[in-house]
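Counting from 18, one number per residue, gives the positions in the sequence shown under the working numbering. See below for the structure under consideration.
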Amino acid sequence: MPTFEVRATDLAARVGYLKTKSGLVETPAVLPVIHPFNQIVKPSEMEKIGYSALMTNSYLILKKSRAVGQLFEVHDLLDYKKTIMTDSGAYQLLEYGEVETTPEEIINFETIIGSDIGVILDTPTGLTRNKKRAEETVSKTIEAAIRSVPLFKDKSVLWTGPIQGGVFYDLIEKSAREMSKLNFDVYALGSPTQVMEQYDFEQLLHMILAAKRNLPLDRPLHLFGAGHPLTLPLAVALGCDLFDSASYILYAKRGAYMTESGTRHLDDLKYLPCECEVCARYFVEELKKSKDRTRLLALHNLHVLSKEIKNIKQAIYEGRLWEYVATKSRAHPRTWTAFKHFSKIREYLEEGTPIFKNYGLYLCSTPDEHRPEVENAYERIMENIKINKRTLVVYFSKTNDHTFLYNLRNAFEKKIGARSEEIQFCVAPLPIAIVPIEVCDIYPFSQYDISLPLDLEMERVAIKKFKQFLSRHKFKEVLLIDHSNGKYKGVVDWFTKGKVVQKKRVVTDRRTEFIVKEFTDLGVERP
Ligand SMILES: [Zn+2]
Numbered sequence: 018m019p020t021f022e023v024r025a026t027d028l029a030a031r032v033g034y035l036k037t038k039s040g041l042v043e044t045p046a047v048l049p050v051i052h053p054f055n056q057i058v059k060p061s062e063m064e065k066i067g068y069s070a071l072m073t074n075s076y077l078i079l080k081k082s083r084a085v086g087q088l089f090e091v092h093d094l095l096d097y098k099k100t101i102m103t104d105s106g107a108y109q110l111l112e113y114g115e116v117e118t119t120p121e122e123i124i125n126f127e128t129i130i131g132s133d134i135g136v137i138l139d140t141p142t143g144l145t146r147n148k149k150r151a152e153e154t155v156s157k158t159i160e161a162a163i164r165s166v167p168l169f170k171d172k173s174v175l176w177t178g179p180i181q182g183g184v185f186y187d188l189i190e191k192s193a194r195e196m197s198k199l200n201f202d203v204y205a206l207g208s209p210t211q212v213m214e215q216y217d218f219e220q221l222l223h224m225i226l227a228a229k230r231n232l233p234l235d236r237p238l239h240l241f242g243a244g245h246p247l248t249l250p251l252a253v254a255l256g257c258d259l260f261d262s263a264s265y266i267l268y269a270k271r272g273a274y275m276t277e278s279g280t281r282h283l284d285d286l287k288y289l290p291c292e293c294e295v296c297a298r299y300f301v302e303e304l305k306k307s308k309d310r311t312r313l314l315a316l317h318n319l320h321v322l323s324k325e326i327k328n329i330k331q332a333i334y335e336g337r338l339w340e341y342v343a344t345k346s347r348a349h350p351r352t353w354t355a356f357k358h359f360s361k362i363r364e365y366l367e368e369g370t371p372i373f374k375n376y377g378l379y380l381c382s383t384p385d386e387h388r389p390e391v392e393n394a395y396e397r398i399m400e401n402i403k404i405n406k407r408t409l410v411v412y413f414s415k416t417n418d419h420t421f422l423y424n425l426r427n428a429f430e431k432k433i434g435a436r437s438e439e440i441q442f443c444v445a446p447l448p449i450a451i452v453p454i455e456v457c458d459i460y461p462f463s464q465y466d467i468s469l470p471l472d473l474e475m476e477r478v479a480i481k482k483f484k485q486f487l488s489r490h491k492f493k494e495v496l497l498i499d500h501s502n503g504k505y506k507g508v509v510d511w512f513t514k515g516k517v518v519q520k521k522r523v524v525t526d527r528r529t530e531f532i533v534k535e536f537t538d539l540g541v542e543r544p
C-alpha cells in the first residue's frame, strides 16, 4: 500500500488513508494539538472519541530534554500508541521571533523521539502585508527544507514540507513549486490561522488553491491551525486532507461552546444542543457552574469536530459534498462568500467529482447551477449532440418525470407517421440543459430535483442555455409545452418575446390532440 491511498473523491476532496509507522490515519482528519507536558484532555480520551492521530510540539520536548538531561519517546510521553505528528517550533518562531535550535537539530530530534509525522523547522509568514518580509520567510523555509532533506534517513518517519507565503498567492505558488521538488510525504499550508480568525474564508480559499495547484496530487495536504466546524467542510472540499488545531481547548478556556454552525458562549446558552457524553450528562446550568468546565467544554468541542469530520467523509462517499458545503456555508455570510466562489473554480473542483452518482442532483439556489456535474452535463449535451431537424418540441415540467413526453412522441408517430422523424423531442430540466429525449434517462437528466421557480441568477443561466441550444441547432419551428404551472414563467416569457425562432408557440394544455393541432398549425402539413 502506498503511503497515501485515496478511496473516494468528490469536488477536490478525498477520503484516504495515510499509512504511518503507528497505523492508518483515515483522512480527512483533525489532529488535536496537545501540550507534551500539560494535558487537560488526555490522549486516551481523545482516542475514545475517535481520534487516530494527534499533534504535539517537538520543540517544547527538546527544551525540556535539555533542561532535565533526559530523552523522551513521544508515544510513551503522551501514553498514546497511534499516530503522532510533531510540529517543529515554527509557532514559537512566529510568536517570539526566534527559537534556540536549527533545522538539522529538529530533524534529528523528531526522529529520535519517534515521531510518526515530522515537520521541518519552517519560518511562518503570518499575516504580514510586507511582501519583502513574506518573501524572506518563503526563502528561509525552502533553505531549511534543502538542509533537512538529506537528514531524512529514517524512512519510517513521514516528513512534512510547509508551504509559506501568507496572503501573497504568487509566493504560495512559488513556495509550493519549490517544495514539491523536494519530494515530501506530506505538504502543509502555513499561516492561515489569522486569516481564519478574521473569517476571511475567501482569502483562505485562494491560499489553498495557490498551494494545491502546484503540489503533487498523490500527497496529502495539511492545513495548519484549522479546527473550526465551519472551516473544515470548505477546506476539505478544496482539497485539504489533514488539520491540526488547539481550538477545542483554546475555545474551552474562554467559555466557547462549538456547534455545527459556529461557536456560542456557554453563558449565552439556555440549552446544550448536542448529545455527546458531556452534554447528555449535564444540564446547561450545571455545566456553567462546574469546576471542571474548561475540561468538559474541551471534550464537547472535540466531539463536535469529530462529528464534523464524519459528516464530511460520509458526504464525500455519497457524492453529496456540494450540498453539504452549501448547507454548512449558509451559517455565516463569510463562509457563503467563499462558497459562492466555487462557481468560478469549476474546473478545479470537477477533477474529483464523479460524473455519475448514485443520487439525484439537488439544485436549490445559486450557485448550484454552476456545480461541476451540471456544467459537465451541459457541455456533454452541447458538444456531442448535433440535431438536424425541422422542428423542436421542448417540454417544461415541474418534475423529472418525462412520461408525458414519451407518450406524446408515440401519439405523433401514430398520427403523422414518418414525418414525426422531422421532430426533435426534448425535455428542459433547466438550468441544467435542454436534453433530447433519446438521452434524457442518462444521469443526471432524469435524476435531479430543482427548486422552482428559479431564482434570478439561475433563470439567467437557464435562458442563456436555452438560447445557445436554439442558435446551435437552427430549428425552423419550436413548440414549447409548459406543464410547469408557471414555475418556469421567466424562461417561457423570454421564449415568447424573443426572436431566436420565428415560428413558435407555447401550449399549456395537457391533451395530446390539442398539442398535435397546435403543432400542425405551426406549418407542418396536417396529417
Ligand atoms: Zn456536546
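Just so it is clear, CB atoms sit at the ideal spot from N, CA and C, and this is done for glycine as well.
query	result
Are there 16 or more other CB atoms within 10 angstroms of the CB of Ala435, so buried, or fewer, so exposed?	exposed
Contact criterion: CB-CB distance below 8 Å. Does Asn200 meet it with respect to chain C?	Here there is only one protein chain, and chain C is not present.
Look at the Cβ atom of Glu392, then the Cβ atom of Arg363, and state whether they are nearer than 8 Å.	yes
Where does the unbroken beta strand (DSSP E) through Leu46 begin, and where does it stop?	Looking at the sequence shown, residue 46 is not Leu but Ala. Note, Ala46: beta strand (DSSP E), Ala46 to Ile51.
Cys443 bridges to which residues according to DSSP?	Val411 and Pro453
Would you tell me roughly how many angstroms separate the C-alpha atoms of Lys357 and Glu117, rounded to the nearest one?	44 Å
What are the partner residues of Ser262, as DSSP defines its beta bridges?	Pro49
Quick check on Ser61: buried or exposed, where buried means 16 or more other Cβ atoms within 10 Å of its Cβ?	exposed
With a Cβ-Cβ cutoff of 8 Å, do Thr110 and Thr140 count as a contact?	It is worth fixing the name first, because residue 110 is Leu in this sequence and not Thr. Yes. Within cutoff.
Alpha carbon to alpha carbon, how far is Leu314 from Ile57? Give it in angstroms, no decimals.	11 Å
Given a threshold of 16 other Cβ atoms within 10 Å of its Cβ, counted over all protein chains shown, does Cys381 qualify as buried or as exposed?	exposed
Do the segment 466-480 and the segment 400-411 meet, that is, are 3 or more Cβ pairs less than 8 Å apart?	no
How many angstroms separate the CA atom of Asp499 from the CA atom of Val524?	6 Å
When DSSP builds the beta bridges, which residues end up paired with Trp339?	For Trp339, which the question treats as bridged, DSSP gives no partner whatsoever.
Is any heavy atom of ligand 1 found at a distance shorter than 7 Å from the C-beta of Val295?	yes
Buried or exposed: which applies to Tyr288, given that a residue is buried once 16 or more other Cβ atoms fall within 10 Å of its Cβ?	exposed
Tell me the DSSP secondary structure of Lys148 in three-state form.	helix
Would you say the beta carbon of Leu289 comes nearer than 7 Å to a heavy atom of ligand 1?	yes
Taking the alpha carbon of Asp285 as the reference point, which residue from Cys293, Gly272 and Val295 has its own alpha carbon closest?	Gly272
Should His282 be listed as close to ligand 1, given that the test is whether its C-beta is under 7 Å from any heavy atom?	no
Answer yes or no: do Phe21 and Arg230 have a C-beta to C-beta separation smaller than 8 Å?	no
Measuring only the C-alpha atoms, how far is Pro167 from Tyr216?	39 Å
At which residues does the beta strand (DSSP E) containing Asn104 begin and terminate?	Reading off the sequence shown, one finds Asp at residue 104, where the question assumed Asn. Its beta strand (DSSP E) spans residues Thr100 to Asp104.
Provide the residue span of the beta strand (DSSP E) that contains Tyr379, from first to last.	Leu378 to Leu380
Can you tell me the Cβ-Cβ gap for Leu199 and Leu238, rounded? I've got them flagged as a contact below 8 Å.	At roughly 15 Å, the Cβ-Cβ gap does not stay under 8 Å, so Leu199 and Leu238 are not in contact.
Assess, as a yes-or-no matter, whether the segment 299-310 is touched by the segment 339-357 under the definition of 3 or more beta carbon pairs within less than 8 Å.	no
At a cut-off of 7 Å, is His92 close to ligand 1 when judged by its beta-carbon and the heavy atoms of the ligand?	no
Could you check what DSSP says for Val321 in three-state terms: helix, strand or coil?	helix
What beta strand (DSSP E) runs, 3 residues minimum, are completely inside the segment 51-131?	70-74 and 100-104
Going by Cα to Cα distance, which pick from Lys374, Ala445 and Tyr34 is closest to Asp202?	Tyr34
Whose CA, out of Phe241, Ser468 and Arg522, lies closest to the CA of Gln211?	Phe241
Is Arg397 helix, strand or coil when you go by DSSP?	helix
With which residues is Lys36 paired in a DSSP beta bridge?	Leu41
What do you reckon, is the C-beta of His320 under 7 Å from a heavy atom of ligand 1?	yes
At what residue ranges does the segment 455-501 contain a whole run of the beta strand (DSSP E), taking only runs of 3 or more?	465-467 and 494-500
May I ask you to list the residues that DSSP assigns as paired with Gly183?	Partner(s): none; Gly183 has no beta bridge.
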